[in-house]
Structures are given as C-alpha cells and as structure tokens.
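See structure below.
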Amino acid sequence: MPTGLVIMHWDERVGVEVLGAYPEEVVIQEKTLMQLYSQHEFTGEAGMVSLTAGAVNLASYYTGPESAVYVILILTAEEDGDVYEEGLAEITRQILMNLESDSLNSILPPLFQRLSVYPTLTEEQRYGMLLNSDVKRMLLNRLREETAISKSEISIWMKDQYREGFVDVENLLAGMVKLGLVKIASVKGLSSDLVFLTEDIMVLRTPPVELVKDPVDHHLPASLKDSYIKEVRNFFELYVPSEADNLAIIDKVLLDPACYEVIKLMREAMVTRNDLEKLRKKGVDDVDRVLKAMWETKMIAVFQDDKNNEYFCLTSDFFIERFYPRYNIDNIRQQYRTRSQNPNALLKALDMMKDEYYAQAKLKKAVAKKKEEVAAD
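Residue numbers for the sequence shown follow UniProt numbering, beginning at 1 and rising by one.
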C-alpha cells in the first residue's frame, strides 16, 4: 500500500515548494524532489515518472510547465508506480482545482484513500471512477452523439472547456481504451487519429433479486420478510433513473472503500451491527458513517424484530456494466445523410462495430460452452 502523498510546485525564483502532504508528517528530501524535477524536465511533458529513493519508490505526476505542479505518491520498494498512473492523473485534476483554496489539505486524505486501493478496484468500480470524472463523462456523452472525434479536436475542445484546469488527454484516452469503451485508429484522408466509441456504459439501480427471492434464507427473521419485500417494492414503484442519482451512489458508496466492503457483504445477506463491526479488519473503521452514506443514498433499510434486534438490509443494488451501442448505427446513418462526418470515418466506425459485435458473440458462445461443460461435470 502507498504510504504518503506530497504536492510539490516548482517556482523559478525559489525552487522547490511543498504545498501539501498526507499524512502531514510525510517528508521527501529536497535532493530527491530535485531528482524528480530533473526527470520531468527531461521529458518536458505532462505525465508520470518513477524514481527509487532508498527503501521507497516514488510515482510523480507532472501537470506540465503552465502550472508546474507535481503530485508525488510514496510507495513501498515492492510496488510498481505504473499501476497508479491513471489514478494519479485523475486526482491531480481535483488537486489543481483546490490549489488556491484553503481546502487542499482537507481533500488529500480521501483522495489518498481512493488512490491507495486503485490497483484492487473491481470492474464496476473502474466504470464508476470513469463516470465520476466530469471530463471523461463529458467526452463519453459527446462520443455517444458523434460516434468518432479526432484526437486533435478533443485536445482543443478540452483546453477550451478547462482553461483554468488541467486535462491530460493522452492519459484520459488510454484509460477509456483500457476499459474497452473506445478505440483509436487512423483513417485515410484525415491527418489526426480518430477516437471511436465501441462500447457504452449502462448505469441504474436494480432490486437485490436473490435477497428478495428468499429473505429468510439470507438471515432475515421470518417475521420481517413481508416488511422487507414491501420496502423494496415501494422503492422501485417510485424509482426514476437519473444521472444525479447515479453519480451520488458512485461517489458516496461505490468509490468509498469502506462503503463498498459493506455493500459486498449486504449483497450476500441481511446483517446485524455485530456483522458490520467484524469488517473493521477490512478497513470499515466507522460503521456509523458508512450506514449514514448508504441511508442517504436510499440503498438500505433497517428492520427490528420482536427482541429489538436490528437488521440492515439492501433495498436497492446498483448495476453498472458495458453494453454494445446499437444506437450508433442510427447515428452513423444520420451523419451520412447530413454529411456531418467524413464518409471514410463512418465506414471505419461501421467496421469497428462489426468487429466488436462478432467479438462479443464469440465470447458469449465460449462462456455458454464453459457453463455446459461445468454442468456436465
């Protein structure tokens, strides 16, 4: 696990300035900071470099010469800084937005906590982290409308949208490629590579189906079964999916390590306070804070039996997954009719959609075959 985070700024007059650190007692020698500065100067571009300093490894993310800020993650000697690059780029944006305010030191602990668990994030958490980024969400929305955008246009557009902020377009796109949402390819007749949408993300609440099927078998007293099912039914009768609701759950629950540990347990069974207290060894240090977050996002309900025992139950779960964007075909047809997109780019988009479709069909067939083999055994 990382052991600390240091925010450094380079000033041409005074040299190295440490703007913040978490924990506050963390210190990196000035000689080491100068080494990091020199490595970044050698590349001359925004991005990450790694450095071994004694018994620790350092992963330093540089924002570029305009702001000249360095976000430095301190790791153990066994850890590889490369796995944190995308996470560092994301928290760097948030740090820059708070650099001139008094809130910098207060945002470092939660940012450090999220960054620390970055290598162990589940697939649904990685999708959530992407959607929690206003920059990535904005680009995804535009790709949904236009199917393909040139990298050069994305760079210009992002700089225009975030004149006072920081956006590392290469890192942003690399993360979306890694998640399988976009592909980058060259197109004949166009000077800049194009970014194509190949998969989309679906987000919504879902009932905790297995729990509702048999609450008693999942540790809920029989006397509370009807009340629980009624609570779930009442919620979904009024539920209307919205981006605001999705983002609240992503931010407060899905990307909070302690809340996510509780979610994983509550997906399996109804729990008591004692069950939740046992999660302290997994990082759930403040059970009350976690329950408050889940209550405020309307994900749980509390039931009490005739002996005053409390049971905390999941009333709505959260589904976030990739899906094949069939709607893209209509977009491509419309763009072809209105000539709003280069015809070669549209043909390339169709080819990519076809390849993605067959790849998914092949995967589904392989999964089905594997299930049949397991069932036969």
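Backbone N, C-alpha and C fix where the C-beta goes; we use that ideal spot for every residue, glycine too.
Since we're looking at a predicted model, the values are computed, not measured.
Which residues DSSP lists as bridging residue i, in chain order
i: Gly-4; result: Ile-74
i: Phe-196; result: Ala-148, Lys-183
i: Leu-204; result: Phe-319
i: Ile-300; result: Leu-314
i: Asn-57; result: Thr-52, Leu-75
i: Val-16; result: Trp-10
i: Ala-21; result: Val-6
i: Val-69; result: His-9
i: Gly-47; result: Tyr-62
i: Val-271; result: Phe-312
Residue i burial status per 10 Å Cβ neighbour count (16 or more: buried)
i: Glu-45; result: exposed
i: Ile-156; result: exposed
i: Gln-125; result: buried
i: Leu-363; result: exposed
i: Pro-343; result: exposed
i: Leu-238; result: exposed
i: Gln-341; result: buried
i: Ile-329; result: exposed
i: Phe-236; result: exposed
i: Lys-136; result: buried
i: Val-232; result: buried
i: Glu-24; result: exposed
i: His-303; result: According to the sequence displayed, residue 303 carries Phe and not His. The residue is buried, with at least 16 neighbouring Cβ atoms inside 10 Å.
i: Met-34; result: exposed
i: Asn-171; result: buried
i: Val-14; result: exposed
i: Val-216; result: exposed
i: Arg-114; result: buried
i: Val-374; result: exposed
For residue j and residue i, the rounded distance between their alpha carbons
i: Leu-346; j: Phe-196; result: 10 Å
i: Ala-258; j: Lys-292; result: 12 Å
i: Arg-326; j: Ser-150; result: 21 Å
i: Asn-57; j: Pro-2; result: 9 Å
i: Met-48; j: Glu-199; result: 28 Å
i: Val-26; j: Val-18; result: 11 Å
i: residue 415; j: Ala-366; result: The requested residue 415 is not part of the displayed model; the chain covers only 1 to 377.
i: Ala-269; j: Tyr-127; result: 25 Å
i: Ser-38; j: Glu-12; result: 13 Å
i: Tyr-228; j: Asn-309; result: 15 Å
i: Val-287; j: Ile-95; result: 28 Å
i: Val-182; j: Ser-101; result: 35 Å
i: Arg-142; j: Ile-154; result: 10 Å
i: Ile-74; j: Ser-152; result: 34 Å
i: Lys-307; j: Val-69; result: 58 Å
i: Val-262; j: Leu-190; result: 50 Å
i: Leu-99; j: His-40; result: 20 Å
i: Lys-354; j: Leu-276; result: 47 Å
i: Lys-264; j: Arg-205; result: 15 Å
i: Leu-140; j: Ser-67; result: 26 Å
i: Thr-122; j: Met-129; result: 10 Å
i: Met-352; j: His-9; result: 43 Å
i: Ala-244; j: Thr-297; result: 11 Å
i: Ala-55; j: Ser-106; result: 28 Å
i: Lys-371; j: Asp-377; result: 10 Å
i: Met-138; j: Met-158; result: 10 Å
i: Gly-180; j: Arg-322; result: 8 Å
Cut-off 8 Å between Cβ atoms - residues of its own chain near residue i, not counting five sequence neighbours on either side
i: Ile-300; result: Met-266, Leu-291, Met-294, Phe-312, Cys-313, Leu-314, Thr-315
i: Ala-174; result: Glu-86
i: Lys-348; result: Ala-148, Ala-185, Val-187, Leu-194, Phe-196
i: Val-83; result: Tyr-118, Pro-119
i: Asp-305; result: Pro-221, Ser-223, Leu-224, Tyr-311
i: Asn-132; result: Leu-247, Ile-250, Asp-251, Leu-255
i: Ser-192; result: Ser-150, Lys-151, Ser-152, Glu-153
i: Asp-285; result: Ala-258
Proximal residues to residue i (C-beta, below 6 Å), its chain only, five neighbours per side dropped
i: Asn-246; result: Val-203
i: Ala-53; result: Thr-32
i: His-219; result: Ala-269, Met-270
i: Gln-161; result: none
i: Arg-93; result: Phe-166
i: Pro-241; result: Leu-204
i: Pro-208; result: Leu-314, Asp-317
i: Met-176; result: Val-182
Residues near residue i by beta carbon distance below 7 Å, same chain, minus five either side
i: Tyr-324; result: Glu-199, Glu-356, Tyr-357, Gln-360
i: Val-117; result: Pro-257
i: Tyr-22; result: Gly-4, Leu-5, Leu-108, Pro-109, Phe-112
i: Trp-212; result: Correcting the residue identity first, residue 212 is Val in this sequence and not Trp. Excluding residues within five positions, the ones whose Cβ falls inside 7 Å are Ile-229, Val-232.
i: Glu-79; result: Asn-57
Residue i at chain D interface by Cβ criterion, 8 Å
i: Leu-254; result: Reference to chain D is not applicable here, since this structure consists of a single protein chain.
Exercise. How about the segment 310-324 and the segment 278-288: do they share at least three Cβ pairs that are nearer than 8 Å?
Worked result: no
Problem set entry | Inter-stretch contact at 8 Å, needing at least 3 Cβ pairs: the segment 325-334 / the segment 237-256 | no
Exercise. Is the segment 78-95 touching the segment 55-70 in the sense that three or more CB pairs, one from each, lie closer than 8 Å?
Worked result: yes
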